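A quick write-up on the structure given underneath.
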Amino acid sequence: MSWHLLHTSIRAHQIMRGNSWPRELGGGLGQLGVGLANFLRKRFGKDNVILSDIRKPPDHIFHGGPFIYSDILDYKNLREIVVNNRITWLFHYSALLSAIGEANVSLARAVNITGLHNVLDVAAEHNLRLFVPSTIGAFGPTSPRNPTPDICIQRPRTIYGVSKVHAELMGEYYHYRYGLDFRCLRYPGIISADSQPGGGTTDYAVQIFHDAVKNGKFECNLKSSTRLPMMYIDDCLRATLEVMEAPAESLSMRTYNVNAMSFTPEDLAQELLKHIPEFQITYNVDSVRQAIADSWPMNFDDSNARKDWGWKHDFDLPELVTTMLNFHGSDTRVAQAN
Ligand SMILES: NC(=O)C1=CN([C@@H]2O[C@H](COP(=O)(O)OP(=O)(O)OC[C@H]3O[C@@H](n4cnc5c(N)ncnc54)[C@H](O)[C@@H]3O)[C@@H](O)[C@H]2O)C=CC1
Ligand SMILES: CC(=O)[C@H](N)C(=O)O
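Residues 1 to 338 in UniProt numbering are what the sequence shown lists, from first letter to last.
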């Protein structure tokens with residue numbers, strides 16, 4: 001019996017009891033982890049996915065499958081989990097995202113850098129296959145923005161971006177120096193319907209759907225012309241699994257951009273109006289998030305991922321909006337019925 005652990009958060013890790021499958025587990029209570037847990041439980045059965053968290057999970061999560069405690073900053077605890085459960089793959093999702101990281105730099109440095117070091121060491125010590133997500137935030141104002149290739153200048157201006165460049169470089173160092181099977185994808189802004197974002201710059205693109213369905217209006221904290229790479233969560237989770245299952249010999253790199261679409265708040269509002277004609281968007285720009293967004297890629301070049309391991313996205317902007325509204329719409333209908 002081999003186990004696979006995804007480290008995502010102070011609130012959630014997951015260890016999956018897998019027979020022989022190299023499958024990933026989502027962080028229990030993070031935006032992506034919730035989606036990942038659902039994805040994995042639909043495909044592999046809920047009893048093969050164990051959530052871990054230093055907080056008590058809500059009932060629907062607790063009853064959704066097995067549960068265990070862990071903290072990414074507790075190296076001894078990490079080693080015990082890896083050894084006691086014979087972990088073979090580790091997915092490290094724990095981080096403070098861009099905006100929340102700027103509000104608490106010392107905690108972001110601890111979690112995003114010291115936490116990463118703990119994971120690298122336990123992964124190298126126990127020969128784990130390690131996935132660490134990077135981000136569009138790993139680029140900065142001196143990077144080419146339209147499009148942004150895999151290899152170019154990376155001088156991000158957030159602790160989040162600096163920590164993610166560090167993760168990319170450290171992961172690749174451990175790969176070349178110690179043979180660690182490190183794999184990394186730079187995610188765009190990820191959009192999910194059934195989970196809340198964790199304090200990033202792209203969070204508006206998640207909240208707008210909830211507000212549009214519930215109130216018919218939305219106050220956007222970025223300028224209407226702010227173009228950013230975005231991806232629907234199903235594409236994100238599939239990309240993660242596909243790169244982890246790709247044969248090592250197919251990987252010419254260990255860190256890849258993955259892309260699906262790029263849009264502005266205005267583009268998104270126009271697409272929403274096709275479904276909700278009365279929808280209204282207003283703007284109240286958050287200067288911290290706007291400065292971060294203005295330093296990030298506008299479009300991502302992911303040609304290496306498409307060439308090396310066959311990456312292909314499924315959701316463009318129209319499909320994203322239809323899918324998200326169907327979820328929120330059905331959610332609202334259920335709420336009204338109840
Ligand atoms: N959601 C997105 O749009 C994107 C996410 N990513 C990356 O994917 C990963 C997961 O992202 P999300 O689920 O959105 O993040 P999230 O903010 O929803 O969850 C991150 C988790 O890290 C946890 N954390 C904080 N301190 C911790 C500690 N000491 N020990 C363990 N966990 C700790 C937080 O409690 C939180 O639950 C992160 O590494 C993030 O950088 C990358 C690009 C885009
Ligand atoms: C794109 C990301 O990495 C995240 N959603 C953020 O905005 O901080």
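No residue lacks a Cβ here, since even glycine has one placed at the ideal position from N, Cα and C.
Keep in mind the model is a prediction, meaning the values are calculated, not measured.
- Approximately 4 Å separates the beta-carbon atoms of P188 and P229; this is inside 8 Å, confirming the contact.
- By alpha-carbon distance to S225, the top candidate from E242, D181, Q270 and G198 is Q270.
- For K217, the three-state secondary structure derived from DSSP is strand.
- Residue list for ligand 2: L97, S98, T135, G137, G189, G200, T201 and T202 (CB closer than 5 Å to any heavy atom, chain order).
- Taking 7 Å as the cut-off, one finds at least one heavy atom of ligand 1 near enough to the beta carbon of G115.
- In the structure shown, the three-state DSSP call for R227 is coil.
- At least one heavy atom of ligand 1 lies less than 7 Å from the C-beta of L32.
- With a cutoff of 7 Å, L73 counts as near ligand 1, since its C-beta is closer than that to a heavy atom of the ligand.
- With contact defined as three or more Cβ pairs closer than 8 Å, the stretch 74-90 and the stretch 137-157 are not in contact.
- Within the DSSP secondary-structure output, L130 pairs in a beta bridge with L90 and F182.
- As DSSP reads the structure, T255 sits in a beta bridge with C184.
- Per the DSSP secondary-structure output, M261 pairs in a beta bridge with M230.
- Ranked by Cα distance from P297, the first of K214, T202, F218 and V213 is T202.
- Between R129 and S295, the beta carbon gap of about 32 Å keeps them out of contact (Cβ cut-off 8 Å).
- Spanning the alpha carbons of R109 and L185 requires a straight line of approximately 20 Å.
- Here the distance from the Cβ of Y187 to the nearest heavy atom of ligand 1 is below 7 Å.
- Taking the CA atoms as reference points, S134 sits about 10 Å from V258.
- With the rule of 3 Cβ pairs closer than 8 Å, the stretch 315-332 counts as touching the stretch 206-216.
- Per DSSP, the unbroken beta strand (DSSP E) holding G189 starts and ends at G189 to I191.
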